[in-house]
Structure formats: structure tokens, C-alpha cells
Ligand code: HEM
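Residue numbers (the numbering used here): 8 to 154.
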């Protein structure tokens with residue numbers, strides 16, 4: 008199972024790099040660049056970007072869930088009675104679900120979330136901040152190890 012453990016960690020960390028890195032690039036570089044374009048150009052480029060980025064978002068959510076639950080079920084027996092571990096990982100999973108919702112709404116087509124897409128810099132900021140909190144919690148849990 009050693010190879011599967013390594014593959015699962017690699018997939019989890021690479022997915023975090025690609026999705027959080029891509030979202031941060033979108034927030035800090037792409038959106039400010041689009042601000043200087045006219046409305047027609049902006050919406051053409053934004054919908055082109057969304058169409059491509061959506062594939063990575065959907066694949067990334069699937070990879071996060073598969074590798075994350077694998078990591079979780081592997082770690083559980085080592086953390087029996089470790090309340091802090093379960094509190095942190097439980098909170099992390101709930102925050103990750105919120106991030107998945109925001110990411111899906113921002114690349115989706117549902118009319119219900121059009122308001123979020125119009126105000127994408129606000130929601131992308133929240134998504135990136137939640138992503139950083141999740142990485143911080145995961146890093147703490149990893150370095151703290153098995154008490
Ligand atoms: C936004 C989504 C997520 C991000 C950015 C994220 C990020 C990370 C990072 C950076 C690590 C540390 C990896 C390492 O150093 O080995 C980690 C570990 C982990 N993640 Fe995630 N993750 C996400 C979603 C999930 C989900 C959905 C689950 C569970 C369903 C999950 C479960 C875990 C577990 C169990 C660990 C190992 C913790 C330990 O050391 O015991 N993650 N995650």
C-alpha cells in the first residue's frame with residue numbers, strides 16, 4: 008500500500024497546487040487585466056476562460072474527494088480518541104465543501120448563481136482565503152503528527 012499512499016498524497020497536493028494556484032492567478036492577474044477591457048471583450052474572454060477552467064475544477068473536486076477520503080480512512084486508526092485531529096479535519100472537510108460550491112458556481116451556467124459570477128472578484132477572494140485556511144489547517148495537522 009506504500010505506492011498507493013504516496014500516489015494519494017501526490018494527487019492531493021498537486022490538485023491543491025493547480026486549483027488554488029489557478030484561482031489565485033485568476034484573482035490577482037486575470038481579473039485586473041480584464042478590468043481595462045470593454046464589456047464585450049471582457050465577457051467574451053471570461054466565458055472562454057470559464058469553459059476551459061471548468062474542466063479542471065470538476066476533475067480537481069473529484070480528485071480531492073477520492074484522495075482526501077483515502078487519506079482520511081488511512082489516518083483514522085492512528086488518531087483514535089484524538090479530538091483535536093477530528094475537529095480540525097472535520098472543519099477542514101466542511102470548508103472544502105464550501106470551496107467546491109463556490110468554485111462550481113463560478114464556472115457553472117445556473118442562472119441562480121449569475122449574481123456571483125458578475126461579482127466574481129468578491130467570491131474568488133473568499134474562495135482563495137478559504138483555500139489558504141484549509142492548507143494551513145492541513146499543514147498543522149500533518150506536522151503535529153500522531154500524538
Ligand atoms: C480545497 C480542498 C482541499 C485542499 C486545498 C486540501 C489541501 C491539503 C493539503 C495541503 C494537505 C497536506 C498534504 C501533506 O502535507 O501531506 C492535505 C492533507 C489531507 N487532506 Fe486535504 N485538501 C482539500 C480537501 C480535502 C478533502 C475534501 C478531504 C476529505 C474528504 C481532505 C482530507 C485530507 C486528509 C485526511 C489529509 C491528511 C491529514 C493528515 O496529515 O493526517 N482534504 N490536504
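Ideal placement from N, C-alpha and C gives every residue a C-beta, glycine not left out.
Keep in mind the model is a prediction, meaning the values are calculated, not measured.
Contact between the region 89-103 and the region 136-150 is established, with three or more Cβ pairs separated by less than 8 Å.
Distances from the CA of residue 134 to each of 25, 13, 19, 34 were compared; the closest alpha carbon is that of 34. In the three-state reduction of the DSSP assignment, residue 126 falls in the coil class.
By the neighbour-count definition (other C-beta atoms within 10 Å, threshold 16), residue 32 is an exposed residue. In terms of Cβ geometry, residue 58 and residue 26 do not form a close pair [threshold 8 Å]. Under the DSSP assignment, residue 12 falls in the alpha helix (DSSP H) whose first and last residues are 9-32. In the structure shown, residue 61 adopts helical secondary structure according to DSSP, grouped into three states. Shortest gap from the CB of residue 51 to any heavy atom of the ligand HEM: 7 Å or more.
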